[in-house]
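> Under full-length UniProt numbering, think of the first position of the sequence shown as 1, with each following residue one higher. The beta-carbon is built from N, C-alpha and C at its ideal position, and this holds for glycine as well. Quantities reported herein were computed from a predicted structural model and do not represent experimental measurements. Dropping a structure here in structure tokens format, bear with me for questions.
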Amino acid sequence: MKSFSFDPYLKHFEKKKGKTWQFELGDYIKVGFTVMEGTKKKRIQFFQGIVIAIRSSNQKQKMVTLRRPGSFGIERIFPSNSPQIQNLQILQSQKFRRSKLFYLRKSIGKAAFGK
């Protein structure tokens, strides 16, 4: 009887999965994701904000919460392995000693950058 190996199949799907993004909590990032306009048109929309929470330590299933600093807060949650995410750019990086930065919701303007 011939033995069967799943290794070639797994490697094929791992390549096809997509990119893994390297960012940390507290980074100010800009995410470009595709949005459907109507039935046939696609465009890239950008959202930039501070990473205030990362759920799941597994690289493939991360859920990232971004918050746009300002007078009123806008938050958006992105799955890191989503095929809609086209590009990701780290604009500013900071170190924090917390696992979640929900206290930044109270700050306004420059204070939201943790300085």
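Can you tell me which of the three DSSP states Lys41 falls into?
The residue labelled residue 41 in the question sits at position 41 within the sequence shown. In this structure, Lys41 counts as strand in the three-state DSSP scheme.
> Roughly how many angstroms lie between the CA atoms of Ile90 and Lys40, to the nearest whole one?
Along the sequence shown, read from residue 1 onward, the residue named residue 90 stands at position 90. Along the sequence shown, read from residue 1 onward, the residue named residue 40 stands at position 40. For Ile90 and Lys40, the distance between alpha carbons rounds to 30 Å.
> Could you check if Phe78 is buried or exposed, using at least 16 other CB atoms within 10 Å of its CB as the buried criterion?
Looking up residue 78 in the sequence shown gives position 78. Result: buried.
> How close, in whole Å, do the beta carbons of Lys100 and Ile50 come, if the pair is a contact with beta carbons under 8 Å?
In the sequence shown, the residue the question calls residue 100 occupies position 100. In the sequence shown, the residue the question calls residue 50 occupies position 50. No, Lys100 and Ile50 are not in contact; Cβ-Cβ is about 12 Å, not under 8 Å.
> When we look at the beta-carbon of Thr65 and count the other beta-carbons within 10 Å, is it buried (16 or more) or exposed?
Reading the sequence shown from its first residue, position 65 is the one you call residue 65. When all chains shown are included, Thr65 counts as buried.
> Excluding sequence positions up to five away, which residues of its chain have a Cβ less than 6 Å from the Cβ of Gly32?
By 1-based counting over the sequence shown, the position of residue 32 is 32. If we look at Gly32 and ignore the five residues flanking it on each side, its Cβ neighbours are Ile44, Phe46, Gln86 and Asn87.
> Pull up the CB-CB distance for Trp21 and Ser80, whole angstroms please, since I reckon it's below 8 Å.
As a working mapping, residue 21 is identified with position 21 in the sequence shown. As a working mapping, residue 80 is identified with position 80 in the sequence shown. The Cβ separation is near 6 Å, so the contact holds.
> For Glu24, which option in Gln94, Lys106 and Ser107 has the closest C-alpha, if you only look at C-alpha atoms?
Within the sequence shown, the letter at position 24 stands for residue 24. When each option's Cα is compared against that of Glu24, the closest is Gln94.
> Alpha carbon to alpha carbon, how far is Ser57 from Arg98?
Numbered from its first residue, the sequence shown carries residue 57 at position 57. Numbered from its first residue, the sequence shown carries residue 98 at position 98. Going from the Cα of Ser57 to the Cα of Arg98 covers about 15 Å.
> Buried or exposed, going by whether 16 or more other CB atoms sit within 10 Å of the CB of Tyr28?
Position 28 of the sequence shown, counted from the first residue, corresponds to residue 28. Tyr28 should be labelled buried.
> How long is the line joining the alpha carbons of Gly26 and Pro69, rounded to whole angstroms?
The count along the sequence shown starts at 1 and reaches residue 26 at position 26. The count along the sequence shown starts at 1 and reaches residue 69 at position 69. One C-alpha to the other measures close to 12 Å.
> Examine the ligand HEM and report whether any of its heavy atoms sits within less than 7 Å of the Cβ of Gln84.
As far as ligands go, the structure on display features none, and thus does not contain the ligand HEM.
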